[in-house]
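Per numbering that gives the first Met the number 0: the sequence shown = residues 0 to 191. Shown next, in structure tokens, is the structure this report addresses.
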Amino acid sequence: MARPGGSDKYGKLGDAAFSRMEKVNGDLLVLTYGSLVTQLLRDFEDVDAVNAQLEQMGYNIGLRLVDEFLAKSGVASCQDFRDTAEVIAKVGLRMFLGVSAEVVLWNKEMTACSLVLPDNPLAEYVELPANLTNRLWYSNLICGVVRGCLEQLQLRVECKFQKDVLNGDEHNMIRLELKEVIAEEYDEIGRA
Numbered sequence: 000m001a002r003p004g005g006s007d008k009y010g011k012l013g014d015a016a017f018s019r020m021e022k023v024n025g026d027l028l029v030l031t032y033g034s035l036v037t038q039l040l041r042d043f044e045d046v047d048a049v050n051a052q053l054e055q056m057g058y059n060i061g062l063r064l065v066d067e068f069l070a071k072s073g074v075a076s077c078q079d080f081r082d083t084a085e086v087i088a089k090v091g092l093r094m095f096l097g098v099s100a101e102v103v104l105w106n107k108e109m110t111a112c113s114l115v116l117p118d119n120p121l122a123e124y125v126e127l128p129a130n131l132t133n134r135l136w137y138s139n140l141i142c143g144v145v146r147g148c149l150e151q152l153q154l155r156v157e158c159k160f161q162k163d164v165l166n167g168d169e170h171n172m173i174r175l176e177l178k179e180v181i182a183e184e185y186d187e188i189g190r191a
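Shown next as structure tokens:
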């Protein structure tokens, strides 16, 4: 359940940020990403290694992408992890992938939730072969991007796919769990 006015505000910010972004041809992105995943499967020959590699590649992208997000999104600082999840769902995903997500299934400590994506642009035109169904998290790059972005903002999280339409699920669902707020350390001069 979203906070009154919060989700709508973030939805408008996400739409505004998306309209200001340079657009890349969606088909080109999807086909290029598909080629990348195919090549990783050939190189590693182990699905778990491919899942880890996709997540690590996303993490490295996220470490750098957060700067563009902060510069172009118009989002003020978040007050808590709930705000952070709403910003990811309504602004971040909209800004960079052109889709929004719904934030659901909060735990009682408000440190874990799920993001439900009705559409996943990375998985358009994709059918997983039977030997990869329920083993390959095809869009694991997204989880890595989220983890990398949040780590740059001093939030250590675990982010993983729970459901994927490519595996026969009704929708795509990513679980996001706050593990630690990283404290900045300063030396005796006061530098980070």
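Glycine included, C-beta positions come from ideal geometry on N, C-alpha and C.
Quick one: Cα of residue i to Cα of residue j, how far?
i      : j      : result
Asn59  : Asp7   : 30 Å
Met172 : Lys89  : 15 Å
Val103 : Leu35  : 31 Å
Leu114 : Glu101 : 6 Å
Ser99  : Glu44  : 33 Å
Asp42  : Tyr137 : 16 Å
Cys77  : Trp105 : 17 Å
Thr37  : Asp66  : 30 Å
Val29  : Glu123 : 7 Å
Thr83  : Gly33  : 30 Å
Gly147 : Lys107 : 25 Å
Gln55  : Glu184 : 25 Å
Thr31  : Ala51  : 19 Å
Glu9   : Cys158 : Checking the displayed sequence, the identity of residue 9 turns out to be Tyr instead of Glu. C-alpha separation (whole angstroms): 21 Å.
What do you reckon, are the CB atoms on residue i and residue j nearer than 9 Å?
i      : j      : result
Leu62  : Glu150 : yes
Arg81  : Cys112 : yes
Glu169 : Lys178 : no
Leu127 : Leu175 : no
Val156 : Val144 : no
Leu154 : Val180 : yes
Leu131 : Leu27  : no
Can you tell which of the options has the C-alpha that lies nearest to the C-alpha of residue i?
i      : options                       : result
Arg68  : Val86, Asp79, Leu53           : It should be noted that the sequence gives Phe, not Arg, for residue 68. Of the candidates Val86, Asp79, Leu53, the one whose C-alpha sits nearest the C-alpha of Phe68 is Val86.
Leu121 : Thr110, Leu53, Gln153         : Leu53
Gly57  : Asp26, Asn139, Leu116         : Asn139
Gly91  : Ile141, Met109, Val125        : Ile141
Thr110 : Ala129, Asp118, Asp79, Leu116 : Asp79
Phe160 : Phe95, Asn119, Gly97          : Asn119
Ser72  : Ala84, Phe95, Ala51           : Phe95
Ala182 : Gly167, Cys158, Leu152        : Leu152
Pro117 : Gly97, Leu131, Thr132, Lys107 : Gly97
Val46  : Glu184, Asn133, Gly167        : Asn133
Ala129 : Thr31, Tyr9, Gly167           : Gly167
With a cut-off of 8 Å on the beta carbons, I'd call residue i and residue j a contact; round off their distance for me.
i      : j     : result
Leu135 : Val74 : Incorrect: roughly 33 Å between the Cβ atoms, too far for contact.
Segments of 4+ residues assigned as alpha helix (DSSP H) that fall wholly inside the region 47 to 93: 80 to 86
Any beta strand (DSSP E) of 3 or more consecutive residues that is wholly inside the region 112 to 176: 154 to 162
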